[in-house]
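Those letters in the sequence shown? Residues 0 to 688, per numbering that gives the first Met the number 0, in order. By construction, the Cβ of each residue, glycine as well, lies at the ideal position given by its N, Cα and C atoms. Just below is one structure, and these are the notes that go with it.
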Amino acid sequence: MITRQLTHPESIVVVGGSNDVTKPGGKVLKNILDGGFTGQISVVNPKESNVQGISSYATALDIPNTDLAVIAIAAKYVPDVVDQLAFQKKTRAFIILSAGFSEESHEGKVLEDRIVATVNQVGGSLIGPNCVGILTPQHHSIFTYPIPTLNPKGCDFISGSGATACFIMEAGIPKGLTFANVYSVGNSAQLGIEDILKHMDETFDSATDSPVKLLYLETISRPDMLLKHASSLIRKGCRIAAIKSGSSEAGSRAASSHTGALASPDLAVDALFRKAGIVRCYGREDLITVASLFMHPELRGKNIAIITHAGGPAVMLTDALSSGGMEIPGLKGEAAERLKEKLFPGSSVANPIDFLATGTAEQLGQIIDAVENDFDEIDGMVVIFGTPGLSRIFDVYELLDQKMKTCKKPIYPVLPSVLTAAEEVNMFLSKNRINFPDEVVLGNALARVYHNPKPQMIEPDDFKVNSEAIRSVINSIEADGYLSPAHVQSLLDAAGIARAGEAVVQSAEEAVKQAVRLGFPVVMKVVGPVHKSDVGGVALHIAGEAEVIQTFERMIRIKDTTAVLIQPMLSGLELFAGIKREGLFGHILLAGLGGIFIEVLKDVSAELVPVDLPLAEKMIRRLRSYALLEGVRGQRGVNIEAFKEVMVRLSRLVEAAPEIAELDLNPLLASPEAVVAVDARIRIERVKK
0 MITRQLTHPE SIVVVGGSND VTKPGGKVLK NILDGGFTGQ ISVVNPKESN VQGISSYATA
60 LDIPNTDLAV IAIAAKYVPD VVDQLAFQKK TRAFIILSAG FSEESHEGKV LEDRIVATVN
120 QVGGSLIGPN CVGILTPQHH SIFTYPIPTL NPKGCDFISG SGATACFIME AGIPKGLTFA
180 NVYSVGNSAQ LGIEDILKHM DETFDSATDS PVKLLYLETI SRPDMLLKHA SSLIRKGCRI
240 AAIKSGSSEA GSRAASSHTG ALASPDLAVD ALFRKAGIVR CYGREDLITV ASLFMHPELR
300 GKNIAIITHA GGPAVMLTDA LSSGGMEIPG LKGEAAERLK EKLFPGSSVA NPIDFLATGT
360 AEQLGQIIDA VENDFDEIDG MVVIFGTPGL SRIFDVYELL DQKMKTCKKP IYPVLPSVLT
420 AAEEVNMFLS KNRINFPDEV VLGNALARVY HNPKPQMIEP DDFKVNSEAI RSVINSIEAD
480 GYLSPAHVQS LLDAAGIARA GEAVVQSAEE AVKQAVRLGF PVVMKVVGPV HKSDVGGVAL
540 HIAGEAEVIQ TFERMIRIKD TTAVLIQPML SGLELFAGIK REGLFGHILL AGLGGIFIEV
600 LKDVSAELVP VDLPLAEKMI RRLRSYALLE GVRGQRGVNI EAFKEVMVRL SRLVEAAPEI
660 AELDLNPLLA SPEAVVAVDA RIRIERVKK
């Protein structure tokens, strides 16, 4: 719960406030005072009667009733102080800067839990502990620098790491990036990033609130909340970028299925961000660049004009944009010729538009006007303009600012001479402009932002599964683990997923009987071993009864084999679809090429369940191997509609049976007529309550 006392306090006490501004308690008090807080301020410090001109009290019991407490004392003293303030001083908001809690030890966790219990009991808000504080127009309750000049239309920034928040502001402010509110949540003992974002969503006012939200996450504790409120804000017109760190997994993890080996927490993060419409970033500079793009008008198409007086940066930008799926269309025709006549000999208007190192501010204006008015195919432009230091370029940047005010097409300035033309760049930034000093970083970010999907809406469809039959199978299984072939068949049938005819046999005589029934040639596979191919447990193109007997007798002796599965020998392109339950994120659906290709190419798409037909279509189109599914060089493609239906039915299956922890359909044999499950494995694992 975020209380008004946290966001708009009328009184603040700094517990541990000090005259020493090199200590958190001293610096946070100074920042509150320098920030112009107009309400009542008090200090608790038993060693001082006056701290930075503010009356200081010996204990928290001595102060007047106070809305917000900012606490910077040793961890062991904090719970008692919180109790005193909450129960006797009507304090309903707490920012605990102190460390030494759950991040450090079990004993610290006990202290932290006691604090949370107290704050919850009085219906209060808690930021921290182990944080640097928060920075809002109402109060600067933060102990670090920098303290940017807050802009209501700057970025709202919520960070799980105080130091990282500082470093991102340090890097963004010199480029012109502005901030509206900054929250450092530390241990997130009560309020985490998801809670702050929820509050911003529920109170969002497009007339007064920032439309840009930046997140730095080290953990995602409530993915459902993050998905709900991020997508809601984006639908209201906001744009959100986030770093999720700690995504790699140390060491290898044993996986008993292809899905388990391919799925990972980081894949789940990608899927969550994609579903919400969040742009994922991978470092401070990346986040700053994406945020800076958000501060410009939204790009409506992928055709970019590059305007430059330096060839090298234009070439590098062209490469970056092209690699990201953007277009730099050539400019031709009468309009191009008219523009060229206005430039110095040797200039090029082909795109990049290179008007040479001697190009003037007047010529830059003429180029921008032409791109804005004469070339309808262009959606946005990048202007690269630096200087070798031979002359001042104030006039160029003044003109650039004016054109950015009047042009409907977005203009992205690349001003690389941040030292040589420092005065000119600073003048440009002073006009509430942002600089992109590195053209390649800009190009990569621009492509990613443009192609980032909007929040996903699941559309209703006619695909039904037999939920009653699915629950009957699941409820009949006593122990967790991999299901028997019979149970797997029942679940696939209940989900409406087509499968190859098959039989499980335990004798050579029964093997021959079933092979004849299914029709030669057949496939034989061991039942029991996890990775059949690795142990010689798959035999193809078995054409006669003698070969069936010989193969059965060999396979039944393979370690862990309990029976042999027989299926008709089918042909087609091998595809793959699978499900993995990934902790709090829920189920992830994966799909791609199957058979050995899944291990070699690892060409898969992933999305969080639920998945509908439009989303399945997007998943398939993201595959690098998509052309194979369509059909290439005279080869017939596969029934993509049937593949999509399998994916949707798998989604419905795990919605009906959340106990499914891993599911593999590998291979699915796909032809132009149908997609049929040939081999399937399902493992259930009931979630412990």
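Using C-beta distances below 8 angstroms, list every residue in its chain close to residue i, excluding the 5 sequence neighbours before and after it, in chain order.
| i | result |
| --- | --- |
| S390 | none |
| D460 | D611, L612, V647 |
| P344 | none |
| S124 | M0, I1, T2, Q4, L5, R91, A92, F93, V118, Q189, L190 |
I need the DSSP call for residue i, collapsed to helix, strand or coil.
| i | result |
| --- | --- |
| S251 | Note that S251 scores a pLDDT of 31, beneath 50, so its modelled location is shaky and nothing firm can be said. |
| D663 | strand |
| P520 | coil |
| K212 | strand |
| H586 | strand |
| H295 | coil |
| P454 | coil |
| F272 | helix |
| N30 | helix |
| N180 | strand |
| A605 | strand |
| E573 | strand |
| Y481 | strand |
| H257 | Here H257 scores only 49 on pLDDT, less than 50, and its place in the model is too uncertain to base an answer on. |
| M380 | strand |
| K339 | helix |
| R470 | helix |
| K617 | helix |
| P567 | strand |
| I683 | strand |
| R283 | helix |
| E326 | strand |
| Q39 | strand |
| H486 | helix |
Excluding the 5 residues flanking residue i on each side, which residues of the same chain have their C-beta closer than 7 angstroms to its C-beta?
| i | result |
| --- | --- |
| V50 | G16, S17, N18, L28, V42, N44 |
| G24 | V13, G15, G16, S17, A71 |
| G161 | C130, V131, T143, S183, G185 |
| L266 | I587, A605 |
So the candidates are the options; which of them puts its Cα closest to the Cα of residue i?
| i | options | result |
| --- | --- | --- |
| S101 | A188, C154, G175 | A188 |
| L330 | E340, I352, G323 | I352 |
| A673 | E684, Q4, A497, Q505 | A497 |
| R685 | V653, V526, G518 | V653 |
| L398 | Q365, G323, A369, N302 | Q365 |
| A656 | S670, R470, A576, A478 | R470 |
| I565 | L574, I557, T550, A576 | T550 |
| K108 | I94, P222, N129 | N129 |
| I146 | N425, L592, G171 | G171 |
| L338 | E326, E371, A313, A309 | E371 |
| I167 | H450, T143, T2 | T143 |
| H138 | A179, H105, K152 | A179 |
| D194 | S205, D204, L214, T207 | L214 |
| V529 | I548, P484, D204, S475 | P484 |
| A421 | V603, A241, V637, G175 | G175 |
| I557 | R580, E546, P312, G527 | G527 |
| V20 | E501, S10, I31 | I31 |
Give me whichever residues DSSP pairs with residue i in a beta bridge.
| i | result |
| --- | --- |
| C237 | Answer is none; C237 lacks a bridge partner. |
| I352 | I306 |
| N49 | S54 |
| D155 | N180, K212 |
| R689 | This structure cannot settle anything about residue 689, because the visible part of the chain is limited to 0 through 688. |
| S347 | D353 |
| K690 | Residue 690 falls outside the range modelled here, since the chain spans only 0 to 688, and no answer is possible. |
| K579 | I587, E661 |
Within its chain, find whatever has a CB closer than 6 angstroms to the CB of residue i; leave out the 5 residues flanking it on each side and keep chain order.
| i | result |
| --- | --- |
| V677 | A499, P666, L668 |
| N465 | A493 |
| L664 | A576, A676, A679 |
| I473 | A656, E658 |
| R682 | Y481, A660, E661 |
Less than 8 angstroms separating the Cβ of residue i from some heavy atom of the ligand ZN?
| i | result |
| --- | --- |
| V69 | In the structure on display, the ligand ZN does not appear, and there are no ligands present to speak of. |
| request: May I ask you to verify whether the segment 382-396 touches the segment 280-300, counting CB pairs closer than 8 angstroms and requiring at least 3? | output: Segments in contact, no.
| said: Taking 8 angstroms as the cut-off, does the segment 262-274 touch the segment 316-336 (at least 3 CB pairs, one atom from each stretch)? | reply: Because the criterion of three Cβ pairs below 8 angstroms is not met, the segment 316-336 and the segment 262-274 do not touch.
| query | For the 8 angstroms Cβ check, are there 3 or more pairs between the segment 590-599 and the segment 216-236? | reply | A contact is defined here as three or more CB-CB pairs under 8 angstroms, and the segment 590-599 fails this definition with respect to the segment 216-236.
| task | Count the C-beta pairs between the segment 372-379 and the segment 400-416 that are closer than 8 angstroms, then say yes if the count reaches three, no if not. | result | Counting Cβ pairs under 8 angstroms, three or more are found: they touch.
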